[in-house]
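**Student:**
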Amino acid sequence: MNKKRVLIVDDNKELRTLIRMTLEFSNYEIHETEDGTHAMRLIDVVKPDIIILDIMMPGELDGLDVCKRVKSNSETSNTKVILLSAMGQKIDIERGIAAGAHSYLTKPFSPLMLLDRMGYDVAINEFVELSDE
19 MNKKRVLIVD DNKELRTLIR MTLEFSNYEI HETEDGTHAM RLIDVVKPDI
69 IILDIMMPGE LDGLDVCKRV KSNSETSNTK VILLSAMGQK IDIERGIAAG
119 AHSYLTKPFS PLMLLDRMGY DVAINEFVEL SDE
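Pasting the structure below:
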């Protein structure tokens, strides 16, 4: 089985490290960056299967902008996006889902919950791939 490619995008280095440590013993090829602009460049190169994306980041593109761009591009529209945010009101979650996110986790979040969401994402993706064969 090929390793699933994961892109972690968060301006908080410690959080990126926590997520990387959570994932590194699973079957993932892990990439990371600190802002939306660099994320868009990496997405073109890495072609991630899953993007773990903070919403509030400095720079030109926040997480919702990146999510919308990923979902509106025919080459990346099937990429699973899991949004992370300190904003957990219903309207915030609705905005994330409207942007195209598959899942929305509110910070602080449980690493086990992240693994659960990612496992579900990967399982669905593999089922679709098998169905197409």
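Position one of the sequence shown corresponds to residue 19 (the working numbering), numbered consecutively onward. Where is the CB? At the ideal position from N, CA and C, for every residue including glycine.
Measuring only the C-alpha atoms, how far is D29 from E78?
**Tutor:** 13 angstroms
**Student:** Determine whether the beta carbon atoms of R154 and H49 lie at a separation below 8 angstroms.
**Tutor:** Absent from the structure is residue 154, since the part of the chain shown begins at 19 and ends at 151.
**Student:** Got a sec? Which residues, its chain only, sit under 8 angstroms from M75 by beta carbon, not counting five neighbours each side?
**Tutor:** V27, D28, D29, E52, D53, G54, G81
**Student:** Between A119 and L101, how many whole angstroms is the CB-CB distance? I'm expecting something under 8 angstroms.
**Tutor:** 4 angstroms
**Student:** DSSP beta-bridge partners for E50?
**Tutor:** Looking at the DSSP assignment, E50 forms a beta bridge with I26.
**Student:** Cβ of P129 within 8 angstroms of Cβ of T40?
**Tutor:** With a cutoff of 8 angstroms on beta-carbon distance, P129 and T40 are scored as near each other.
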